[in-house]
Amino acid sequence: MKKLALAIAVATAAAASASAQAAEAVTFDPSLKLTYKNYFWKQKDDASSPKYYRDEWVQALVADFDTGYVNDMVGVVVTAGFANNLKTKDDTSITNLGKNSDGEATDISGFQQAYLKAKYDFGELALKGTVGVKKRGYELYGNSGSRILNASSNGVDVSAAYKDLTVYASQITGASSREDSSFSNDLTVNTKRDENTNALISQDKVDHIRILGANYTIAGIDFTAERLESKDYLAKNFVKAAYTFDLGNGMTLDTDVRYGEAEDNGDLYNGTDDKYESSYYNANATLNFDNAYVGFGYNKVSDGDFETDDSEQGNAGTFNTTLSQWSDYNKEGERAYVVTAGYNFADLGLSGLNIDMVYAEGKDAKNYDNFGRQEFSSYVSYKFDGQLEGLSVAWLHVTSNADGVNKTDSDDNLKNRDRSNRLYLKYSVSVF
121 MKKLALAIAV ATAAAASASA QAAEAVTFDP SLKLTYKNYF WKQKDDASSP KYYRDEWVQA
181 LVADFDTGYV NDMVGVVVTA GFANNLKTKD DTSITNLGKN SDGEATDISG FQQAYLKAKY
241 DFGELALKGT VGVKKRGYEL YGNSGSRILN ASSNGVDVSA AYKDLTVYAS QITGASSRED
301 SSFSNDLTVN TKRDENTNAL ISQDKVDHIR ILGANYTIAG IDFTAERLES KDYLAKNFVK
361 AAYTFDLGNG MTLDTDVRYG EAEDNGDLYN GTDDKYESSY YNANATLNFD NAYVGFGYNK
421 VSDGDFETDD SEQGNAGTFN TTLSQWSDYN KEGERAYVVT AGYNFADLGL SGLNIDMVYA
481 EGKDAKNYDN FGRQEFSSYV SYKFDGQLEG LSVAWLHVTS NADGVNKTDS DDNLKNRDRS
541 NRLYLKYSVS VF
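See the structure below:
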């Protein structure tokens with residue numbers, strides 16, 4: 121399947137180039153980038169039931185090839201990656217690699233992207249489209265890039281931009297998760313497996329996920345609206361308005377408000393008798409000054425827990441709020457706030473050094489007694505320049521606590537004392 125899809129993509133691009141060459145000289149600007157990654161992650165939660173541990177040291181090599189737009193019209197993008205185990209403890213929560221039935225980490229490899237792209241301008245009207253497997257990012261759907269190899273999805277995307285208005289649509293029919301070597305799998309939900317053998321018992325197939333959206337800017341205000349429908353499963357709506365105030369003396373204030381809602385879209389979500397709905401609103405402000413920033417955000421969830429997932433493949437569940445941090449603060453009735461701060465050390469001659477910090481807290485979840493959760497995270501990163509340009513290192517530290525006794529379902533009680541450290545090393549080089 122992988123080889124067939126790639127062969128089709130290459131053959132199509134070659135045919136397009138040959139046709140163009142017959143009429144005029146072919147112009148394009150191809151690029152090839154190689155990236156080496158080395159991740160070391162340790163995580164434990166002694167308070168959860170069962171206890172949770174993660175201990176991974178993995179590496180990967182990723183190749184990104186892009187033809188550019190041949191004659192400024194069509195092109196091909198291919199991303200291939202291989203990830204393997206350096207030292208990972210068995211029978212732990214393995215997340216960067218695959219895992220066999222014995223609880224051992226397994227190497228993964230394959231194509232994370234292979235798609236055709238095209239664009240054409242009719243005066244001020246700009247049309248764009250892609251078809252194939254790629255890492256997608258929308259307001260309500262975004263394939264994860266947080267592991268050593270990216271998740272991806274298979275589908276078609278189109279957009280049309282005219283002056284300050286852009287409309288877009290996407291239909292997704294398959295996906296591959298970040299710890300999976302598959303090129304693309306069916307979209308499924310409600311999967312049940314045997315606890316001892318992991319053998320598949322049952323699952324439901326989602327025919328497609330469809331996304332429609334628009335962006336519009338007027339008087340400096342950016343408006344976004346998007347709708348997602350996971351066929352027979354969930355439907356979601358999202359709106360956002362953002363504005364930046366210029367305060368003078370190099371200071372700006374970024375503000376935005378967001379509203380999201382989700383509802384049952386058919387028999388695959390909770391069957392026919394259980395009608396589901398949930399909504400949230402989120403307000404944020406971030407003050408930027410010199411090489412620093414401080415921010416504050418508030419979020420409130422109503423009607424039900426906000427369901428982030430749209431299918432089980434592609435790691436694309438999206439809770440589009442600033443209270444989607446290490447935890448998603450998405451419980452019904454939960455009121456949560458977040459404080460952020462960051463600094464770039466350019467004034468000290470270290471423009472590649474950044475530190476970002478987050479503190480978040482949630483309370484008042486409707487279906488819990490003694491509910492509360494807090495987290496603190498820090499992310500320190502450094503990008504080298506000069507002869508070491510392309511090399512970067514980073515350290516993520518997270519402390520996350522949660523407590524709560526569910527009033528009706530003891531299986532949904534919360535008690536977590538999560539401690540996580542992740543070290544990242546990346547080196548990228550442009551071959552051409």
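If you count the sequence shown from 1, position 91 lands on 211 in our numbering, and the numbers rise without skipping. Quick reminder that beta carbons are idealized off the backbone N, C-alpha and C, glycines included. Bear in mind the structure is a predicted one, so any value in this text is a computation, not a measurement.
1. May I ask you to report which of helix, strand or coil DSSP gives Leu-154?
2. Evaluate Leu-534 with the Cβ neighbour count: other Cβ atoms within 10 Å of its Cβ, from every protein chain shown; 16 or more gives buried, anything less gives exposed.
3. Is it buried or exposed, Thr-344, if we count other Cβ atoms within 10 angstroms and call 16 or more buried?
4. Can you find at least 3 beta carbon pairs, one from the region 480-490 and one from the region 512-525, that sit closer than 8 Å?
5. Buried or exposed for Phe-321, going by 16 or more other Cβ atoms inside 10 Å?
6. Between the Cα of Ile-331 and those of Ser-301, Phe-303, Val-287, spot the shortest distance and give me the residue it belongs to.
7. Go ahead and pull the three-state DSSP assignment for Ser-530.
8. Would you mind stating whether Asn-216 and Tyr-258 have Cβ atoms separated by less than 8 Å?
9. Where does Ala-246 fall in DSSP's three states?
10. Helix, strand or coil for Gly-223? Go by DSSP, reduced to three states.
11. With burial defined as no fewer than 16 other Cβ atoms inside 10 Å of the residue's Cβ, what is the status of Asn-521: buried or exposed?
12. Could you tell me which of Ile-338, Phe-465, Val-478 sits nearest to Leu-516, measuring between CA atoms?
13. Is it buried or exposed for Lys-237, if we count other Cβ within 10 angstroms and need 16 for buried?
14. I'd like to check one pair, Leu-348 with Glu-427: are the Cβ atoms closer than 8 Å?
15. Enumerate in chain order the residues of its own chain whose CB-to-CB distance from Asn-390 is below 8 Å, with the five nearest sequence positions on each side excluded.
16. Which residues in the same chain as Ala-412 place their Cβ atom closer than 6 Å to its Cβ, once the five residues preceding and following it in sequence are excluded?
17. Name the residue from Lys-503, Val-251, Leu-285, Ser-273 whose alpha carbon lies nearest to the alpha carbon of Arg-298.
18. DSSP state of Leu-557, grouped into three classes?
19. What residues are listed by DSSP as bridge partners for Leu-332?
20. Under 8 Å between the Cβ atoms of Val-326 and Ser-350?
21. Quick one: grab the DSSP three-state call for Gly-340.
22. Let me know if Tyr-449 comes out buried or exposed under the rule of 16 or more other beta-carbons within 10 Å of its beta-carbon.
23. Looking only at its chain, what residues have a beta carbon closer than 6 Å to the beta carbon of Leu-285, apart from the 5 residues adjacent to it on each side?
24. Are Glu-481 and Tyr-457 touching if we call contact CB-CB under 8 Å?
25. Let's test the definition: count the other Cβ atoms within 10 Å of the Cβ of Asp-165 and tell me whether it reaches 16, buried, or not, exposed.
26. Just mark Leu-367 as buried or exposed, buried being the case when its beta carbon has 16 or more other beta carbons within 10 Å.
27. Is it buried or exposed for Tyr-363, if we count other Cβ within 10 angstroms and need 16 for buried?
28. Among Phe-202, Gly-201, Thr-226, which one has its Cα closest to the Cα of Ser-213?
29. Out of curiosity, what's the CA-to-CA distance linking Lys-483 and Arg-455?
30. Put Gly-506 into one of helix, strand or coil per three-state DSSP.
31. So, with DSSP's three-state summary, where would you put Leu-468?
32. Under the rule that 16 or more other beta-carbon atoms within 10 Å means buried, what is Gln-445, buried or exposed?
33. Which residues bound the beta strand (DSSP E) around Asn-402?
34. Assuming Val-326 is part of the beta strand (DSSP E), what are its boundary residues?
Short version:
1. Under the three-state reduction of DSSP, Leu-154 is assigned to strand.
2. buried
3. buried
4. yes
5. Note on identity: in this sequence residue 321 is Ile, with Phe being the wrong assignment. Its Cβ having fewer than 16 others within 10 Å, Ile-321 is exposed.
6. Val-287
7. helix
8. no
9. strand
10. Three-state result, Gly-223: coil.
11. Around the beta carbon of Asn-521, 16 or more other beta carbons lie within 10 angstroms, which makes this residue buried.
12. Val-478
13. buried
14. no
15. Asp-384, Tyr-396
16. Tyr-463
17. Ser-273
18. For the chain, the structure presents residues 121 to 552; residue 557 sits outside this window and is missing.
19. Ala-289, Arg-347
20. Yes, Cβ-Cβ distance for Val-326 and Ser-350 is below 8 Å.
21. In the structure shown, Gly-340 adopts coil according to DSSP, grouped into three states.
22. buried
23. Tyr-336
24. yes
25. buried
26. Classification for Leu-367: exposed.
27. exposed
28. Thr-226
29. Distance between the alpha carbons of Lys-483 and Arg-455 is about 6 Å.
30. It is helical.
31. helix
32. buried
33. 397-409
34. 320-326
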